[in-house]
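J.: Structure provided below as structure tokens; questions to follow.
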Amino acid sequence: MEGYLVVRKLRKAFGPVVALAGVSFSVERGEFFTLLGPSGCGKTTLLRCLAGFERAEAGEILIDGRDVRDDEPEKRDIGFVFQRYALFPTMTVAENVAFGLEVRKRPGPEIDQRVQEVLRLVGLQGLDDRKPRQLSGGQQQRVALARALVIRPRILLLDEPLSNLDAKLRVEMRMEIRRLQKDLGITAVYVTHDQEESFALSDRVLVMSQGEAQQVGTPQELYFAPRNQFVAGFIGQTNFLGGRCVERAGGWIVVDCLGARVRLPTERDVSPGAAVAFTVRPEHVRLERVSRGENSIRAVVRQVQFLGPTIGYYAQTGSVMLLGEVHGVTRDEVEKLPRQGEEVWCAFDPEDCVVMGTEAR
């Protein structure tokens, strides 16, 4: 495993609770890398281990080839942006930003120059003398970011820094963070539980669950080629379906699913009779009034949700509810779409399905 930041088999426990169960990954120089997962999955513990605020019991943390797992935080040359900013309320903006440089005992003129440079960088010039209570949430977030950047860290760590902002400001600030990271060419590791936020910001994403790494990849890889059911379900909405393999030919199998023949692409070794689980995203499910044969499942529309640019459908077949989505329809087209109670065929292309697992009979 190569990279500017390399984590190997990192383990951390709090008493009987294992927070990190041997996590490994690497981050390239200048990459924006995100740790994504639900609350309690270990992502913040992992970030704190990288910073040195928590000590891992086993494993390695290599920065530019050197293991820093046992180094004190101040010796790692890492900037950290906290979830609640952790600004000093009695200090001015300039004093908050200068704090890290003063701890490192940099000369006064150098501190003044670097503070002014980074305040211009984050758009806070002229606010030097204000206290945190005199700033908006977005401005406080910028101060926290400036304080982390002013020390010119090798790696910037960010622990859900946008969670305290309203929805519109979160979108604006994530664009600003990405711009700064690209302009500076800095290596960044970001923690969030928000899939949309992680996709908007990241070059690559590591999905975590219960202290373990589930899958790492680009946003496109995670969305279109999830490795397991957890990743598929956590990354957006999806339909989980299953059935028995009835035919195998080359890189394709045919599955008997809910009374329909469903063709699926897979490189797995699947024998006829084996149980097969697969997933298909809602936007790939089309509601049609006539069956086209394979990959068409009969269902009844139970609910229609108008969401502006998207119309969501819940269609039931037996005990299974299928979710479909229609995007970009015009006002006239909306009137022609299936209605609640109407019988339809839920159709999807084989290439849009991902086989999650198989099990012999």
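Residues in the sequence shown are numbered from 7 upward in steps of one, following our numbering. Ideal Cβ placement from N, Cα and C applies to all residues, glycine included.
Given this structure, state the Cα-to-Cα distance separating G223 from L16, to the nearest angstrom.
T.: On the sequence shown, position 217 is the one that residue 223 refers to. On the sequence shown, position 10 is the one that residue 16 refers to. In a straight line, the C-alpha of G223 is about 19 Å away from that of L16.
J.: Could you tell me whether the region 226-243 touches the region 275-285, where touching means 3 or more Cβ pairs closer than 8 Å?
T.: Yes, the region 226-243 touches the region 275-285.
J.: Rounded to a whole number of angstroms, what is the C-alpha to C-alpha distance between A19 and E60?
T.: Along the sequence shown, read from residue 1 onward, the residue named residue 19 stands at position 13. Along the sequence shown, read from residue 1 onward, the residue named residue 60 stands at position 54. About 10 Å.
J.: State the Cα-Cα distance for the pair R337 and P315, rounded to the nearest angstrom.
T.: Against the sequence shown, residue 337 aligns to sequence position 331. Against the sequence shown, residue 315 aligns to sequence position 309. Cα-Cα distance, rounded: 11 Å.
J.: Taking the Cβ atom as the reference point for each residue, do V306 and N245 lie within a distance shorter than 8 Å?
T.: Position 300 of the sequence shown, counting from 1, holds the residue named residue 306. Position 239 of the sequence shown, counting from 1, holds the residue named residue 245. Result no, Cβ atoms of V306 and N245 do not sit closer than 8 Å.
J.: What does DSSP give as the partner residues of V87 in its beta bridges?
T.: The residue labelled residue 87 in the question sits at position 81 within the sequence shown. L164.
J.: Below 8 Å on the Cβ atoms is my contact criterion, and I expect L293 with G330 to pass it. Report the Cβ-Cβ distance as a whole number of Å.
T.: Within the sequence shown, numbered from 1, the residue matching residue 293 stands at position 287. Within the sequence shown, numbered from 1, the residue matching residue 330 stands at position 324. Indeed, because the Cβ distance is near 5 Å, the residues count as touching under 8 Å.
J.: At the level of alpha carbons, what is the spacing between Y229 and G242?
T.: Against the sequence shown, residue 229 aligns to sequence position 223. Against the sequence shown, residue 242 aligns to sequence position 236. Roughly 8 Å separates the two Cα atoms.
J.: Out of L93, D118, M181, S277, which one is the CA nearest neighbour of I259?
T.: Here residue 259 refers to the residue found at position 253 when the sequence shown is read from its first residue. Of the listed residues, the one whose Cα sits closest to I259 is S277.
J.: Please report the distance separating the alpha-carbon of I69 from that of L164.
T.: Counting from 1 along the sequence shown, the entry for residue 69 is found at position 63. Counting from 1 along the sequence shown, the entry for residue 164 is found at position 158. Going by the C-alpha atoms only, they are around 17 Å apart.
J.: Counting Cβ pairs, one atom from each stretch, are 3 or more of them under 8 Å apart for the region 206-215 and the region 340-347?
T.: These segments do not touch.
J.: For V197 versus K49, is the C-beta spacing smaller than 8 Å?
T.: The residue given as residue 197 occupies position 191 in the sequence shown. The residue given as residue 49 occupies position 43 in the sequence shown. Yes, Cβ-Cβ distance for V197 and K49 is below 8 Å.
J.: So what does DSSP say about G114, is it helix, strand or coil?
T.: Mapped onto the sequence shown, residue 114 falls at position 108. Helix, per DSSP.
J.: Helix, strand or coil for H290 per DSSP?
T.: Stepping through the sequence shown from its first residue, residue 290 is reached at position 284. Three-state DSSP puts H290 in a helix.
J.: Would you please state the rounded distance, in angstroms, between the beta carbons of S208 and T40? I believe it to be under 8 Å.
T.: Taking the first residue of the sequence shown as 1, we reach residue 208 at position 202. Taking the first residue of the sequence shown as 1, we reach residue 40 at position 34. That belief holds up - the Cβ atoms of S208 and T40 are roughly 4 Å apart, short of 8 Å.
J.: Any idea what DSSP makes of E101, helix, strand or coil?
T.: For the purposes of this step, residue 101 is identified with residue 95 of the sequence shown, where counting begins at 1. The answer is helix: DSSP assigns E101 an H, G or I state.
J.: From E66 to E8, what does the alpha carbon distance come to, in whole angstroms?
T.: Locating residue 66 in the sequence shown gives position 60, counting from the first residue. Locating residue 8 in the sequence shown gives position 2, counting from the first residue. Each residue's Cα considered, the two are about 13 Å apart.
J.: Do you know offhand how far A219's Cα is from A25's?
T.: If you number the sequence shown from 1, residue 219 lands on position 213. If you number the sequence shown from 1, residue 25 lands on position 19. Computed Cα separation, rounded: 12 Å.
J.: Ends of the alpha helix (DSSP H) at C145?
T.: Here residue 145 corresponds to residue number 139 of the sequence shown, with the count starting at 1. One detail in the question is off: residue 145 reads as Gln in this sequence, not Cys. Its alpha helix (DSSP H) spans residues 143-155.
J.: Thinking T193 and G36 are a contact (beta carbons under 8 Å), I'd like their distance in whole angstroms, please.
T.: Walking along the sequence shown from the start, residue 193 turns up at place 187. Walking along the sequence shown from the start, residue 36 turns up at place 30. The Cβ separation is near 6 Å, so the contact holds.
J.: Using a Cβ-Cβ cut-off of 6 Å (strictly less than) and excluding sequence neighbours within five positions of A150, which residues of its own chain qualify?
T.: The count along the sequence shown starts at 1 and reaches residue 150 at position 144. Cβ neighbours of A150 beyond the five flanking positions: V87, Y91.
J.: I need the straight-line Cα distance from V23 to C263, nearest angstrom please.
T.: The sequence position of residue 23 within the sequence shown is 17, counting from 1. The sequence position of residue 263 within the sequence shown is 257, counting from 1. Between V23 and C263, the C-alpha separation is close to 40 Å.
J.: Which residue wins for smallest C-alpha separation from R351, given the options Y319, E339, E166?
T.: Reading the sequence shown from its first residue, position 345 is the one you call residue 351. Note that residue 351 is Trp in the sequence shown, not Arg. The shortest Cα separation from W351 among Y319, E339, E166 belongs to Y319.
J.: Taking 8 Å as the threshold (C-beta atoms), are T323 and R304 in contact?
T.: Locating residue 304 in the sequence shown gives position 298, where the first residue counts as 1. Locating residue 323 in the sequence shown gives position 317, where the first residue counts as 1. Their beta carbons are under 8 Å apart, which means R304 touches T323 by this criterion.
J.: Could you work out which residue in D358, G265, R54, S169 is closest to Q89 when comparing CA atoms only?
T.: The count along the sequence shown starts at 1 and reaches residue 89 at position 83. Nearest option by C-alpha distance: S169.
J.: Considering Cα atoms alone, identify which of T96, Y10, R295, G279 is closest to V74.
T.: Translated into positions along the sequence shown, residue 74 becomes position 68. Cα-wise, what sits closest to V74 is Y10.
J.: Taking Cβ to Cβ, would you say C251 is nearer than 8 Å to A280?
T.: Counting from 1 along the sequence shown, the entry for residue 251 is found at position 245. Counting from 1 along the sequence shown, the entry for residue 280 is found at position 274. Yes, Cβ-Cβ distance for C251 and A280 is below 8 Å.
J.: For Q119, name the three-state secondary structure that DSSP assigns.
T.: Here residue 119 is taken as the residue at index 113 of the sequence shown, counted from 1. Helix, per DSSP.
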